[in-house]
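**Q** In the working numbering, the protein residues as written are 765 to 974.
Ideal placement from N, C-alpha and C gives every residue a C-beta, glycine not left out.
Please read through the structure below; I'll follow up with questions.
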Ligand SMILES: [Zn+2]
């Protein structure tokens, strides 16, 4: 599996490009911004985008999705529970002082238990509400890799004070859906450095043993 992480935009979102080495098919996860840089990487690796997967509808994760969709024809996959946040992208742009990205459509709704396939690569969709109502994580069981969006960070968790946020829900989501994953699972958060499920189970101050 090809996996490249590109830090995009003002808020430094971790955008993942995940590709199949033999079919050269790829999915791009959270293309928040800097679509030209993402496309340059895709060209370098001779990859064709088949899906644009959004972990949640915050502008730093979804802001570039329509531009990438227009350039590649790939569908945008988002959990339906973030539809309301998508309607607020202009407000979100004003929060951080950037130009509004225009309307973003949901081509395919992501649900808990869905599998996203690109070539021979399979990612399982875990619905993990809390940071937003429609937050999802993507788990690649064969590679033991988790794309965590803004649900789990190295030593922290996503903020829950924005519209749709809930501290109780994010804690429950992490305990029920993420901590059961194997210790050695590599976690790629929406921002900042990588970690593992084992390290977070041991050391994350928000995840005290229950
Ligand atoms: Zn967010």
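1) Pairs of beta-carbons, one from the region 878–888 and one from the region 778–789, closer than 8 angstroms: are there three or more?
2) Please report how far the alpha carbon of residue 970 lies from the alpha carbon of residue 935, in whole angstroms.
3) Give me the DSSP bridge partner(s) of residue 920.
4) Using alpha carbons as the reference points, say which of 849, 824, 950 lies closest to residue 984.
5) At what residue ranges does the region 849–934 contain a whole run of the alpha helix (DSSP H), taking only runs of 4 or more?
6) If distances are taken between C-alpha atoms only, which option among 968, 820, 791 comes closest to residue 809?
7) From this set, 830, 841, 807, 960, which residue's C-alpha is nearest residue 853's C-alpha?
8) Does the beta-carbon of residue 825, which I'm using as the reference point, lie nearer than 7 angstroms to any heavy atom of ligand 1?
9) Can you name, in chain order, every residue of its own chain whose Cβ lies under 8 angstroms from the Cβ of residue 961, other than the five neighbours on each side?
10) Measuring straight from C-alpha to C-alpha, what distance separates residue 983 and residue 923?
11) Can you tell which of 865, 836, 887, 860 has its C-alpha closest to the C-alpha of residue 775?
12) Considering just the uninterrupted stretch of the alpha helix (DSSP H) at residue 841, what are its terminal residues?
13) Alpha helix (DSSP H) containing residue 832: first to last residue?
14) Answer with buried or exposed for residue 820, where buried requires no fewer than 16 other C-beta atoms within 10 angstroms of its C-beta.
15) With a threshold of 8 angstroms on Cβ separation, who are the neighbours of residue 841 within its own chain once the five nearest residues in sequence on each side are excluded?
**A** From the atom records:
1) yes
2) 8 angstroms
3) 917
4) The requested residue 984 does not occur in the structure, where the chain is confined to residues 765 to 974.
5) 853–860
6) 791
7) 830
8) yes
9) 910, 942, 943, 945, 946, 947, 948, 949, 951
10) Since the displayed the chain opens at 765 and closes at 974, residue 983 lies outside it and no answer follows.
11) 860
12) No alpha helix (DSSP H) holds residue 841; the beta strand (DSSP E) holding it covers 840–842.
13) 829–836
14) buried
15) 815, 816, 817, 818, 870, 871, 872, 873, 874, 880
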